[in-house]
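Numbering (my numbering), first residue to last: 16 to 66.
From the three backbone atoms N, C-alpha and C, an ideal C-beta is built for every residue, glycine too.
These notes are about the structure you will find just below.
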């Protein structure tokens with residue numbers, strides 16, 4: 016019985032940790048995309064400025 020309880024607890028903890036990691040990863044990705052967008056806009060403005 017004790018073994019089963021530990022097994023039930025284990026995957027749940029892993030799943031929760033994975034969920035946290037996944038949400039953090041998504042957060043980083045959106046921040047990265049936002050930075051890329053801002054950098055792209057800056058590059059476009061620089062191109063227009065130099066023409």
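Length of the line joining the Cα atoms of residue i and residue j
i, j, result
"residue 39", "residue 52", "20 Å"
"residue 45", "residue 36", "14 Å"
"residue 50", "residue 60", "15 Å"
"residue 48", "residue 34", "21 Å"
"residue 57", "residue 65", "12 Å"
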